[in-house]
Each structure stands twice: as C-alpha cells, then as structure tokens.
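**Student:** In terms of full-length UniProt numbering, the sequence shown is residues 439 to 692. Attaching a single structure in structure tokens format; questions to follow.
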Amino acid sequence: LQLEQTLYKALEKREFVLHYQPQVNINTGKITSMEALIRWNHPEQGLLYPNKFIPLAEETGLIIPIGGWVIDEACRQYKLWQQKGYSDIKISVNLSPNQFRNQDIVTVVKQALDRHNLNGHWLELEITESIIMQNVDNIISILHELKRNGIKVSIDDFGAGYSSLSYLKRLPVDRLKIDQSFVVDIPVDPNAEVITTAIISLAHNLGIGLVAEGVETDAQASFLKNRGCEIMQGYLFSRPLPVSGCDKLFNGGK
Ligand code: G
Ligand code: G
Ligand code: MN
Ligand code: NA
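See below:
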C-alpha cells in the first residue's frame, strides 16, 4: 500500500528516470537504436527497477500517465541526441497492454512526436505478445495507423508468450526481439539453439527484422551472427545506462 501511495506521487515529484540500452549491429559495430528502460528514484528505497513497480502501475491504472511520461521523455531525450549529431540511431519504447486498451495510443505518440518535432520513423514501439492476443482486429488497425505515421513496431520477448504464430502474417510488425531466455542458454542447451535458429529463419522468411536480447558472451554473439541475426542487445555491449553514460558511449567510451 505504501508503495502504491508513493507511486501515485512519483510522477509529479519527477522521481522516474529513463536509462537506455544500445542495440548494436555486430557486422558494423554501430549502435542502431537505444531502448528506453524506466527506473524509479525512490526517496527511501533508492533506484527501483521496473519489476518492482510496473506490475503495480498496471494494476492501479497509473501505467497510463507513467507510460505517457515515458513516451514524452524518450522523445525529448532523443531530440537532444539528434541535435548533438548522433545520427542514424532509433529510439525504442516499451508499451504495456493497458496503454493499448485504455488510451488512444496513436494520439499520445503523435502528440509526443509533434511536441519534440520528431519524425515517426525514428521511433520504435515494443509490444508484447499478450497485447496482440487481446483484440487482434483492433490491434491490427492501431498498428496500421502507427505505420502510416512511419512508426516502427516490434514484438518484445518473442517466443516467451503463448500466442499463435498465425498472427504474425496478419500483423504489420517490423521486428521480433528474440527473448533472452533462449539466448542465455546458447551454447549450453541444444534446445535453446534450435528455437533461436527457428525464430531467426521465421523472421527471415516473413521479411521481418530481428533483434537478439540478453547477449552476454562472444559465443552467443557469434552463434547469432552466423545465423544471420546481426542486431543484438545485451551486457556484452552495454548495460542500460543513465544519460551521462550514453553520451560517453556515443563518444566512443571517453
Ligand atoms: O532493465 P529492465 O529491468 O529495465 O526491464 C525489466 C522489464 O521492464 C522489461 O520487461 C521491460 O520491458 C519493462 N520495462 C522497462 N521500461 C518500461 C517502460 O517504460 N514501460 C513498460 N511498460 N515496461 C517497461
Ligand atoms: O523490455 P525487455 O523485456 O526486453 O527488457 C530488457 C530487460 O533485460 C531489462 O531488464 C534489461 O536490463 C535486461 N537485460 C538487458 N541486457 C541483458 C543481458 O545481457 N543479460 C541479462 N540477464 N539481462 C539483460
Ligand atoms: Mn523491451
Ligand atoms: Na524483451
């Protein structure tokens, strides 16, 4: 209960911050995108990770204003990076199912883009399989509307959910993010390798892009690279960083 009360106030007290984790093209070594990941600077408990408060935010409906803040803040920060000349990088933002259900998400996103004078093609929204299974027809029309605005959509934690593969050919999604639960077991678990390989060939054959998540070792990176998955995210490249760390990263670690 206490956390709920302080969560309610946290937005107006400006206690949320975004950290960012790069996605890297293994063949060029270049950063292709930065994923925004929310943290809560709790006055007593210190830096809290999303697993501590996002479920509560979803239960209480606070995810709507918090999620709106995330979209706006990510766009604001991204604009600053663009102005500093860090070009050809995209920004990725995670969305909760409730944001699709209870909010005119297209309007919220378009207003944030307009406010910061950004073209939609710099923005990627990460949705989960659970969003898709709720109301497929409605989701399809929202995704088409996002696409008309140039906005990219990826399916986060792909393979970890319980949705049918048949939706993939109906949905205008740009990328699958291979769930880190598979990547983490490469090369120890042959099943993880088989599943990862299958997801890669599924994406290739459907003409959908790919990102592998949770890449921690060179062995994992070369396994993925050899199978044609060239965009990767994980501790091997960088942990999620506060803005100050991102600036260092863009400037080559100095
Ligand atoms: O670093 P990490 O602990 O940030 O993220 C844990 C989980 O929290 C991930 O599943 C991620 O998708 C989710 N998450 C991180 N930031 C956000 C956010 O801004 N909104 C939502 N809905 N989920 C987020
Ligand atoms: O949005 P998503 O569910 O993809 O959230 C990514 C989560 O994975 C965040 O909690 C992030 O901190 C975490 N993460 C990112 N890279 C790695 C990694 O290489 N290893 C592990 N264990 N976690 C990672
Ligand atoms: Mn994500
Ligand atoms: Na994920």
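Ideal Cβ placement from N, Cα and C applies to all residues, glycine included.
Would Ile-669 pass as a contact of Asn-463 if the rule is Cβ separation under 8 Å?
**Tutor:** One-based indexing of the sequence shown puts residue 669 at position 231. One-based indexing of the sequence shown puts residue 463 at position 25. Result yes, Cβ atoms of Ile-669 and Asn-463 sit closer than 8 Å.
**Student:** Quick one: grab the DSSP three-state call for Gln-461.
**Tutor:** Locating residue 461 in the sequence shown gives position 23, counting from the first residue. Note: Gln-461 maps to strand in three-state DSSP.
**Student:** My parser needs the alpha helix (DSSP H) runs of 4 or more residues fully inside the stretch 595-664; what are they?
**Tutor:** DSSP runs (the alpha helix (DSSP H)) wholly in the stretch 595-664: 618-621, 628-644, 656-664.
**Student:** Between Asn-587 and the rest of its own chain, which residues show a CB-CB distance below 8 Å, the 5 nearest in sequence each way excluded?
**Tutor:** Residue numbering aside, residue 587 sits at position 149 when the sequence shown is read from its first letter. The answer, listed in chain order, is Val-544, Val-547, Lys-548, Leu-551, Gly-558.
**Student:** If distances are taken between C-alpha atoms only, which option among Ile-580, Glu-453, Asn-540, Ile-577 comes closest to Glu-482?
**Tutor:** Translated into positions along the sequence shown, residue 482 becomes position 44. Cα-wise, what sits closest to Glu-482 is Glu-453.
**Student:** Between the C-alpha atoms of Lys-590 and Phe-596, what's the straight-line distance to the nearest angstrom?
**Tutor:** Position 152 of the sequence shown holds residue 590. Position 158 of the sequence shown holds residue 596. So the alpha carbons of these two residues sit roughly 16 Å apart.
**Student:** Looking at C-alpha atoms only, which residue of Val-681, Val-622, Leu-687 is the closest neighbour of Ala-659?
**Tutor:** In the sequence shown, counting from the first residue as 1, residue 659 sits at position 221. Measuring from the Cα of Ala-659, the nearest candidate turns out to be Val-622.
**Student:** Just the C-alpha distance for Glu-450 and Asn-532, rounded to the nearest angstrom, thanks.
**Tutor:** Taking the sequence shown and counting its residues from 1, the one referred to as residue 450 is at position 12. Taking the sequence shown and counting its residues from 1, the one referred to as residue 532 is at position 94. So the two alpha carbons sit approximately 21 Å from each other.
**Student:** Select from Val-653, Ala-630, Leu-648 the residue whose C-alpha is nearest the C-alpha of Ile-638.
**Tutor:** Here residue 638 refers to the residue found at position 200 when the sequence shown is read from its first residue. Measuring from the Cα of Ile-638, the nearest candidate turns out to be Leu-648.
**Student:** Taking 8 Å as the cut-off, does the stretch 511-525 touch the stretch 479-499 (at least 3 CB pairs, one atom from each stretch)?
**Tutor:** Output reads no: the stretch 511-525 does not touch the stretch 479-499.
**Student:** Which same chain residues end up closer than 7 Å to Ala-598 when comparing Cβ atoms and leaving out the 5 residues on each side of it in sequence?
**Tutor:** As a working mapping, residue 598 is identified with position 160 in the sequence shown. Hits under 7 Å: Asp-617, Ser-619.
**Student:** Is Lys-528 helix, strand or coil when you go by DSSP?
**Tutor:** By one-based count along the sequence shown, residue 528 stands at place 90. Note: Lys-528 maps to strand in three-state DSSP.
**Student:** Rounded to whole angstroms, what is the Cα-Cα separation between Ile-580 and Asn-536?
**Tutor:** Here residue 580 is taken as the residue at index 142 of the sequence shown, counted from 1. Here residue 536 is taken as the residue at index 98 of the sequence shown, counted from 1. So the alpha carbons of these two residues sit roughly 14 Å apart.
**Student:** For Ile-569, I'd like the list of residues in its chain whose CB is within less than 7 Å of its CB, leaving aside the five on either flank, ordered along the chain.
**Tutor:** The residue labelled residue 569 in the question sits at position 131 within the sequence shown. So the qualifying residues of the chain are Pro-535, Phe-538, Ile-577.
**Student:** Any idea what DSSP makes of Lys-468, helix, strand or coil?
**Tutor:** Position 30 of the sequence shown, counted from the start, is the residue given in the question as residue 468. Coil at Lys-468, not helix or strand.
**Student:** Kindly give me the distance between the Cβ atoms of Glu-564 and Ser-530, rounded to whole angstroms, as I take these residues to be in contact under 8 Å.
**Tutor:** The residue labelled residue 564 in the question sits at position 126 within the sequence shown. The residue labelled residue 530 in the question sits at position 92 within the sequence shown. With a Cβ gap of about 6 Å, Glu-564 and Ser-530 count as contacting.
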